[in-house]
Amino acid sequence: MQLRVAPENPLEWLALKTNQVPIPLLHVQMYFIMAKAVMEAADAGVFDAIHQGKNTSETIAKACHLHPRPTAQLLTLLVSMEYLSFDNDQFRLTSMAQKWIVSESPHSVHAIAVYNNRVAWDWVSNLGNYLRTGQGMESHEVFDEKQWQLYQDAMQSVAKSEVREFEKRVPISKKATRLLDIGGANGQYAAALCRKLPNLEAIILDLPEAIENSSLPEDVRSRITCRAGNALTDDLGENQYDAVLLSNVAHHFTEAQNQELTARVARSLRKDGIFIVNEFIRPALDSTPELVGSSSSLFFGLTSTSGNWTVQEIQAWQRAAGLKIYKTIRYFTIPGMAMVIAKKS
Ligand SMILES: C[S@@+](CC[C@H](N)C(=O)[O-])C[C@H]1O[C@@H](n2cnc3c(N)ncnc32)[C@H](O)[C@@H]1O
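Written out as structure tokens, the structure reads:
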């Protein structure tokens, strides 16, 4: 998938085709205010207010405690971005906004808009420093209590959208009885697999602050055990698990850390057990360019002094740990994401 400037008439098509449109101007002047506008609108409750029936600029501004004039500017932009429509003097949510950003929608990614607005936005201004020095942050070491909660809420909302396809396509044996979910404190992956496999028990290993801020779904709570620890140093045991999941965690760790962790994971697997690295994939420079994997890689470089990995890099850790390469499953619904799976023989 790509984000592209879409022409709306033949003359615009021609202008784009003949390189007459200053694309960098769109990137540097429009994209950043567009992203921040969606974050601020979500954080201020604009989408929820419209969902609850506030449909004019004035009533939305009042419900969200915003100034009327900038609210009208914000709403105009959100119409252009196809979050809202405007008919008969009333703003309405488009079906896209209704499904994905209204906070009570089961598909909502509202929480990550709030987290990015309140926490990550400031970090991005350090990108130049990261580029010059190679030294990014260690985000998990700098969160305060409130930020941990915002982070876990954000991770839960993203996981809810990712886990639907994961749960349908992950090649886990129906006979599996024990799963280790490393960094899974938001509970969505362990819960989905417990629902799918009635005999499965899951152990979630995550940092103590993440475990404190986790909220496990009621229906499978009794089959999930949370263990506060550190995946970089904890003993994972031997011959314990039918599946180990490392979902969206490898991008926080260095290559050496991932290699060493994979060796401990391999030891912890039972025969025929699988190791699933569920990740945004960094497109290799000689492969097809891909926006999600490459932009998130730079973001994780900044926020964790690491980044995304190519499928080949992940498979190299798995091979070095004595595992057999099994399958790589690329998501249809999440561009740039894949499960890179190896098996213990
Ligand atoms: C981006 S979130 C991914 C959450 C979840 N696995 C998912 O895919 O939705 C990263 C998770 O890794 C956890 N984490 C980071 N460093 C860790 C470490 N050293 N040991 C265990 N968990 C860690 C974080 O607390 C967080 O829950």
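Just so we're aligned: 193 in UniProt numbering is position 193 of the sequence shown, and the numbers increase by one with no gaps anywhere.
Every residue gets a Cβ at the ideal spot worked out from N, C-alpha and C, and that includes glycine.
None of the values given here were measured: they were computed from a predicted structure.
Put N129 into one of helix, strand or coil per three-state DSSP.
For the purposes of this step, residue 129 is taken as residue 129 along the sequence shown, with counting starting at 1. Here N129 sits in helix by DSSP.
Between G45, Q2, N230, D242, which has its C-alpha nearest N199's C-alpha?
For this step, residue 199 is matched to residue 199 along the sequence shown. Taking only the C-alpha atoms, the option nearest N199 is D242.
Local Cβ density within 10 Å of D272, reported as buried at 16 or more and exposed below that
Here residue 272 corresponds to residue number 272 of the sequence shown, with the count starting at 1. D272 is exposed by the Cβ-count criterion.
Three-pair Cβ contact test at 8 Å for the segment 297–317 versus the segment 131–138:
With a cut-off of 8 Å on Cβ pairs, the segment 297–317 is in contact with the segment 131–138, counting three or more such pairs.
Close beta carbons around H251, own chain, < 8 Å, minus the five adjacent residues each side:
Mapped onto the sequence shown, residue 251 falls at position 251. Excluding residues within five positions, the ones whose Cβ falls inside 8 Å are E279, F280, S296, S297, F300, S304, S306, G307, N308, W309.
Considering only residues of the same chain and omitting the five flanking positions on each side of G184, which have a CB-CB separation below 6 Å?
Here residue 184 refers to the residue found at position 184 when the sequence shown is read from its first residue. Cβ neighbours of G184 beyond the five flanking positions: A190, I204.
Could you check where the beta strand (DSSP E) with M339 kicks off and where it finishes?
Translated into positions along the sequence shown, residue 339 becomes position 339. Looking at the DSSP string, the run of the beta strand (DSSP E) that includes M339 is 337–343.
Can we say the segment 97–111 touches the segment 58–68, given the rule of at least three CB pairs closer than 8 Å?
Touching, no.
If you compare alpha carbons, which of R330, V5, L3, S345 is closest to K168?
Within the sequence shown, the letter at position 168 stands for residue 168. Out of R330, V5, L3, S345, R330 has the C-alpha closest to the C-alpha of K168.
I'd like to know whether the C-beta atoms of G187 and Q147 end up nearer to each other than 9 Å.
Numbered from 1 along the sequence shown, position 187 holds the residue referred to as residue 187. Numbered from 1 along the sequence shown, position 147 holds the residue referred to as residue 147. Result no, Cβ atoms of G187 and Q147 do not sit closer than 9 Å.
Distance, Cα to Cα, I172 vs I274?
Locating residue 172 in the sequence shown gives position 172, where the first residue counts as 1. Locating residue 274 in the sequence shown gives position 274, where the first residue counts as 1. Cα to Cα, I172 sits roughly 8 Å from I274.
Spatial distance of L75 from E8 (CA atoms)
Residue mapping note: residue 75 aligns to position 75 of the sequence shown, counting from 1. Residue mapping note: residue 8 aligns to position 8 of the sequence shown, counting from 1. In this structure, the alpha-carbon of L75 lies about 21 Å from that of E8.
What's the C-alpha gap between L323 and Q240?
Numbered from 1 along the sequence shown, position 323 holds the residue referred to as residue 323. Numbered from 1 along the sequence shown, position 240 holds the residue referred to as residue 240. Distance between the alpha carbons of L323 and Q240: 15 Å.
What does the Cβ neighbour count give for D206, buried or exposed, with the cut at 16 atoms within 10 Å?
Position 206 of the sequence shown, counted from the first residue, corresponds to residue 206. Using a 10 angstroms sphere on the CB of D206, the tally of other CB atoms reaches 16 or more, which defines it as buried.
Using a Cβ distance threshold of 8 Å, determine whether the segment 38–57 contacts the segment 76–86, with at least three qualifying pairs required.
The segment 38–57 is in contact with the segment 76–86.
Nearest-angstrom Cα distance between N129 and A35?
The residue labelled residue 129 in the question sits at position 129 within the sequence shown. The residue labelled residue 35 in the question sits at position 35 within the sequence shown. Cα to Cα, N129 sits roughly 22 Å from A35.
May I have the straight-line CA-CA distance separating S215 from P106, to the nearest angstrom?
Along the sequence shown, one-based indexing puts residue 215 at 215. Along the sequence shown, one-based indexing puts residue 106 at 106. Going by the C-alpha atoms only, they are around 16 Å apart.
T225 (DSSP reduced to helix, strand or coil):
The sequence position of residue 225 within the sequence shown is 225, counting from 1. Here T225 sits in strand by DSSP.
My parser needs the beta strand (DSSP E) runs of 3 or more residues fully inside the segment 166–212; what are they?
Counting whole runs of 3 or more residues, the segment 166–212 contains the beta strand (DSSP E) stretches 178–182, 201–206.
Where residue 386 falls: helix, strand or coil (DSSP)
The question about residue 386 has no answer here: the residues shown for the chain are numbered 1 through 345.
Does DSSP put K54 in a helix, a strand or coil?
Reading the sequence shown from its first residue, position 54 is the one you call residue 54. Note: K54 maps to coil in three-state DSSP.
Among the residues of its own chain, which have a CB less than 7 Å from the CB of K327, if the five just before and after it don't count?
Locating residue 327 in the sequence shown gives position 327, counting from the first residue. Contacts found: P171, I341.
Is the beta carbon of P208 less than 9 Å from the beta carbon of G229?
Indexing the sequence shown from 1 puts residue 208 at position 208. Indexing the sequence shown from 1 puts residue 229 at position 229. Note that the C-beta distance between P208 and G229 is below 9 Å.
Are there any heavy atoms of ligand 1 lying less than 8 Å away from the beta-carbon of I182, as far as the coordinates show?
Numbered from its first residue, the sequence shown carries residue 182 at position 182. Remark: the shortest separation between the CB of I182 and any heavy atom of ligand 1 falls under 8 Å.
Between H140 and A256, what straight-line distance do the alpha-carbon atoms span, to the nearest angstrom?
The count along the sequence shown starts at 1 and reaches residue 140 at position 140. The count along the sequence shown starts at 1 and reaches residue 256 at position 256. Using only the alpha carbons, I get a separation of about 19 Å.
Would DSSP call E40 helix, strand or coil?
Within the sequence shown, residue 40 is the residue found at index 40, counting from 1. It is helical.
Is H252 near ligand 1, going by C-beta to nearest heavy atom under 8 Å?
In the sequence shown, counting from the first residue as 1, residue 252 sits at position 252. H252: yes, Cβ under 8 Å from ligand 1.
Just to confirm before moving on: does the CB-CB distance between V265 and L180 stay below 9 Å?
On the sequence shown, position 265 is the one that residue 265 refers to. On the sequence shown, position 180 is the one that residue 180 refers to. Result yes, Cβ atoms of V265 and L180 sit closer than 9 Å.
Enclosing beta strand (DSSP E) for D242 [first to last residue]:
As a position in the sequence shown, residue 242 is number 242, starting the count at 1. 241–247 is the extent of the beta strand (DSSP E) around D242.
I need the straight-line Cα distance from K54 to L131, nearest angstrom please.
What you label residue 54 is simply residue 54 of the sequence shown in a count that begins at 1. What you label residue 131 is simply residue 131 of the sequence shown in a count that begins at 1. Distance between the alpha carbons of K54 and L131: 44 Å.
Would you call the CB atoms of V109 and F143 closer than 9 Å?
Within the sequence shown, numbered from 1, the residue matching residue 109 stands at position 109. Within the sequence shown, numbered from 1, the residue matching residue 143 stands at position 143. Result no, Cβ atoms of V109 and F143 do not sit closer than 9 Å.
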